[in-house]
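Protein chains in written order, with this note's numbering: chain A, 324 to 990; chain B, 95 to 449. Note that the Cβ used here is the ideal one computed from N, Cα and C, for glycine as well. Take a look at the structure set out below.
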């Protein structure tokens with residue numbers, strides 16, 4: 324921009340400026356001194372013990388106090404110790420791992436506003452201990468904080484014995500009181516988490532304390548995964564959170580709380596905006612337990628904030644960061660090819676690991692409340708006009724495969740025969756013609772009798788995948804369909820679809836590794852519209868679109884609602900399976916989701932000092948697949964020194980490019 | 095029509111004598127001519143198709159489905175393939191393709207994989223292809239065209255508003271001048287780039303690309319018009335104090351006549367010197383916005399977008415960033431030369447040292 328020049332003189336005389344009076348100076352100084360007042364790091368003392376006890380007394384159905392004598396005698400106790408160990412016995416503790424994060428976490432709380440960011444996994448999901456965890460290979464349960472458990476089907480109750488050795492990182496014992504307090508915590512308004520309030524209110528009906536280390540929890544429904552929800556409970560330390568009150572959000576914004584995780588965050592390691600470090604607790608009570616002894620190996624894990632994608636990769640190549648994801652073809656084949664000197668000299672290892680789990684449902688979600696998109700023929704035509712096979716072959720270089728439904732990867736619950744519609748211009752045009760689009764306009768895009776063009780906005784929040792949209796657009800034009808591309812940043816993109824402002828969006832939900840898929844959030848009419856239907860079942864003309872739900876397709880059908888409600892209420896596995904088939908077939912026919920692609924493995928580049936076990940990892944890992952899922956890796960400090968020295972001197976090692984396909988499922 | 099007085103003619107002659115600036119201007123003029131006929135030079139539509147005795151000129155017409163030329167599909171004809179088909183058939187039909195037979199939005203690959211390919215003469219990808227196998231020369235050409243047209247439109251709008259407001263301020267003076275000075279001070283303190291990004295990001299994508307470009311232009315002009323007012327105001331003040339303005343008023347000339355007939359022509363000299371630098375500012379701004387991803391919507395070809403692709407693939411596809419960078423440097427340098435020459439030509443002092 325041309326810079327602003329100095330003001331040109333106007334040539335008129337100005338009256339002499341009066342000096343600010345003494346009184347003004349005094350006023351200013353008083354205001355400034357008052358402003359830089361006390362540094363409010365001090366929160367008032369608070370003890371909520373009375374409140375908690377009163378809450379228990381007020382809800383006797385939910386909180387029961389019994390003794391060991393009341394424990395049923397015929398329980399079938401299991402301890403889950405008969406399964407294969409996790410990780411490698413060769414793992415050594417020690418070393419510092421360096422990794423990057425894209426953005427500094429907004430808070431150190433793991434719930435409440437702004438807590439669900441990428442960093443939460445390192446504070447909660449992947450590091451804290453629950454009563455029991457699902458074994459990633461056998462899918463049975465192994466003990467965490469519990470020493471044994473027993474299921475009583477007819478009363479929908481799970482009995483749990485807590486391991487008397489279990490401790491928090493500050494040395495305090497973990498008791499059944501902490502689990503009762505967990506319910507108080509999760510049901511309170513102080514945490515500002517309506518989702519947790521609802522979950523813990525609906526799913527569990529009772530928790531009973533028998534003694535310090537024995538409890539039972541009763542579920543509302545005897546669903547097939549009842550044991551999972553009972554054992555997945557994580558205690559809340561009552562001795563720390565006794566100050567839970569109205570100021571919870573602020574008080575715990577940057578407070579690192581002792582817990583069950585082997586990694587703690589020291590206050591001096593939180594350098595706001597720059598880096599945050601996890602430090603291993605040498606006195607972790609479970610460090611020699613089966614299933615945990617070979618995991619959580621590095622002494623320190625340093626996360627540095629690097630916002631630019633290129634800088635992250637260059638940092639990795641320099642050795643500043645220990646690993647980098649090579650899922651995208653451009654990284655695996657072009658930026659870090661097998662012929663790259665660091666790879667061919669064996670300094671950087673490349674690994675592909677096939678895993679099994681429900682896949683993120685990447686595809687086109689069509690907003691069926693929009694004009695023209697409410698027409699099923701138009702939607703079916705869009706299905707045939709989306710050339711995902713070309714995207715997979717040319718952009719992903721054939722490494723991925725076509726997704727068939729939004730529920731791929733569920734083993735039993737994935738529909739066995741439904742297949743995504745292939746790219747077929749003739750069929751697409753046939754369906755568009757049925758919807759009234761028979762003529763091509765001057766630019767090749769179909770128009771109907773009223774002169775409307777067959778054009779929709781295709782938006783996404785995935786900037787790295789925006790090339791996919793240009794490919795889809797060029798191919799759809801052949802069928803006479805126009806996609807107007809809109810690439811937003813991830814927050815803006817997500818905001819747009821949550822506000823249901825999209826026509827068609829290219830998105831995916833990360834699907835939890837649960838036993839059976841969830842339908843209610845995505846397809847029930849109560850998540851599409853307020854008052855979707857009138858009393859008699861017909862469509863309510865005054866209905867309004869419901870925002871901030873996951874029903875991105877605005878699917879609202881009474882028939883589907885009935886099936887979903889029956890599915891949610893059922894506790895019979897076979898009935899649920901049959902309903903799931905019917906729901907998937909209904910949705911296929913509805914054609915409001917164009918399945919995209921499925922990635923059946925993850926690809927990783929890591930320096931040779933970052934060691935993994937023989938089999939690399941276990942069957943059910945997350946898709947990013949990096950170390951943070953199971954922490955089975957370890958840092959070999961001697962090897963690191965050796966490698967860096969070798970790199971300087973020019974010594975080489977055997978290149979290692981390995982494919983771990985022991986868990987691969989060939990369709 | 096403004097009469098060119100002898101002083102102005104002398105300045106133009108001086109400009110022609112500064113070879114560097116003069117030749118830069120000629121090159122730029124030639125470039126503008128090329129842009130005007132760009133579709134005839136770089137396009138995936140053929141120039142002429144002779145099919146069964148009839149001549150077709152697809153460049154500027156409606157699209158021709160493949161069926162028009164005996165092919166089996168109903169979407170737009172691939173004229174390169176058509177040329178191969180005709181040659182194979184040998185039945186007297188022929189196709190005349192442009193010099194670079196690719197469009198800026200077409201993904202073209204012989205390997206089946208979309209990735210950057212090095213420049214290749216046989217394939218006629220003279221500058222190579224970008225990350226989704228689109229021809230770089232085509233994208234550069236149309237991107238530069240968009241940037242230059244954008245800059246010219248920006249220039250016109252900014253000057254129109256700035257000159258009008260500045261002249262009014264200078265001529266009327268008094269409270270009008272004071273008020274507007276305050277307004278301009280406040281307005282010019284709003285950070286340009288941030289506001290453009292914010293406002294443009296809330297524009298919905300349902301508008302066509304052309305409408306969105308116009309909106310972007312409007313927003314940019316909205317935050318840049320203040321710069322011209324300072325010069326205009328000063329110049330008008332200077333001219334207003336001169337005798338000829340007083341004599342014009344004495345004869346009874348209206349304010350409009352005085353401003354447009356007497357003051358503006360004398361002020362023009364100063365204004366002209368700023369034109370090249372405003373163009374540079376506009377090109378830089380639009381390129382910067384595109385680089386950040388907040389400018390022209392995908393898949394519009396643009397210099398900034400190519401630069402972003404280039405920097406993301408510095409190791410693996412260096413030809414992307416070299417061509418984009420060179421083009422940007424060349425265009426800006428040419429404009430700078432012209433600007434410097436104009437400034438020197440319009441400088442009242444011919445010698446800066448007493449001889």
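Query	Result
Please report the straight-line C-alpha distance between residue 524 of chain A and residue 510 of chain A, rounded to a whole angstrom.	7 Å
Determine the direct distance from the alpha carbon of residue 588 of chain A to that of residue 975 of chain A, and round the result to whole angstroms.	37 Å
In its own chain, which residues sit with a C-beta less than 7 Å from the C-beta of residue 213 of chain B, not counting the 5 before and 5 after it?	219, 220, 221, 222, 413
Report the residue ranges of all beta strand (DSSP E) runs contained in full by the region 615 to 682 of chain A; include only those spanning at least 3 residues, in chain order.	623 to 628, 646 to 648, 671 to 677
So, does the CB of residue 809 of chain A fall closer than 9 Å to a CB anywhere in chain B?	yes
Please report the residue range of the beta strand (DSSP E) in which residue 598 of chain A lies.	598 to 603
Keeping to the same chain, check which residues put their C-beta closer than 7 Å to that of residue 801 of chain A; ignore five residues upstream and five downstream.	748
Is DSSP giving residue 881 of chain A helix, strand or coil here?	helix
Does DSSP put residue 590 of chain A in a helix, in a strand, or in coil?	helix
Can you name, in chain order, every residue of its own chain whose Cβ lies under 6 Å from the Cβ of residue 557 of chain A, other than the five neighbours on each side?	451, 453
With 16 other CB atoms within 10 Å as the buried threshold, where does residue 694 of chain A fall?	exposed
Secondary structure at residue 576 of chain A, three-state DSSP: helix, strand or coil?	coil
Restricting to Cα atoms, I'd like to know which of B:296, B:143, B:356, B:243 is closest to residue 265 of chain B.	B:356
Whose Cβ in chain B lies nearer than 7 Å to the Cβ of residue 441 of chain A?	Ordered by position in chain B, no residue passes the 7 Å Cβ test against residue 441 of chain A, which lies about 21 Å from the chain.
For residue 773 of chain A, which three-state DSSP category applies?	coil
Count the other C-beta atoms from every protein chain shown that fall within 10 angstroms of the C-beta of residue 284 of chain B, then say buried if there are 16 or more, exposed otherwise.	exposed
Are residue 154 of chain B and residue 160 of chain B closer than 9 Å when you measure CB to CB?	no
For residue 742 of chain A, collect the residues of the same chain with a Cβ closer than 7 Å to its Cβ; drop the 5 residues on either side in sequence, then sort them by chain order.	727
How many Å lie between residue 364 of chain B and residue 329 of chain B at the Cα?	8 Å
Just the Cα atoms here: how many angstroms apart are residue 827 of chain A and residue 526 of chain A?	34 Å
To be precise: take each residue of the region 328 to 356 of chain B, compare its Cβ to all Cβ atoms of chain A, and keep it if any distance is under 7 Å. Which residues remain?	328
Does the ligand HEM have a heavy atom nearer than 8 Å to the CB of residue 452 of chain A?	Ligands are entirely absent from the displayed structure, and the ligand HEM is therefore not among its contents.
Is it right to say residue 372 of chain A is buried, meaning 16 or more other beta carbons lie within 10 angstroms of its own, or is it exposed?	exposed
Express the C-alpha separation of residue 541 of chain A and residue 903 of chain A in angstroms, rounding to a whole number.	26 Å
For a test of the three-state rule: what should DSSP assign to residue 929 of chain A, helix, strand or coil?	strand
Could you give the residue range of the beta strand (DSSP E) that holds residue 807 of chain A?	805 to 810
Counting only beta-carbon separations shorter than 9 Å, does residue 207 of chain B have a partner in chain A?	yes
Pairing CB atoms from the region 650 to 665 of chain A with CB atoms from the region 876 to 890 of chain A, are three or more of them under 8 Å?	no
Could one say the Cβ of residue 214 of chain B lies closer than 9 Å to chain A's Cβ atoms, at least one of them?	no
In terms of residue numbering, what span does the beta strand (DSSP E) encompassing residue 422 of chain A cover?	419 to 424
Relative to chain A, which residues along the region 173 to 193 of chain B have a C-beta separation below 9 Å, given in chain order?	none
Mind checking if residue 387 of chain B is an interface residue toward chain A, Cβ cutoff 9 Å exclusive?	yes
Under 9 Å between C-beta atoms, does residue 633 of chain A make it to chain B?	yes
Residue 886 of chain A by DSSP, collapsed to three states: which one?	helix
What number of angstroms, rounded off, separates the C-alpha of residue 685 of chain A from the C-alpha of residue 782 of chain A?	13 Å
With 8 Å as the limit, tell me which residues of the region 789 to 807 of chain A have their beta carbon closer than that to any beta carbon of chain B; keep them in chain order.	789, 790, 792, 793, 794, 796, 797, 800, 801, 802, 803, 807
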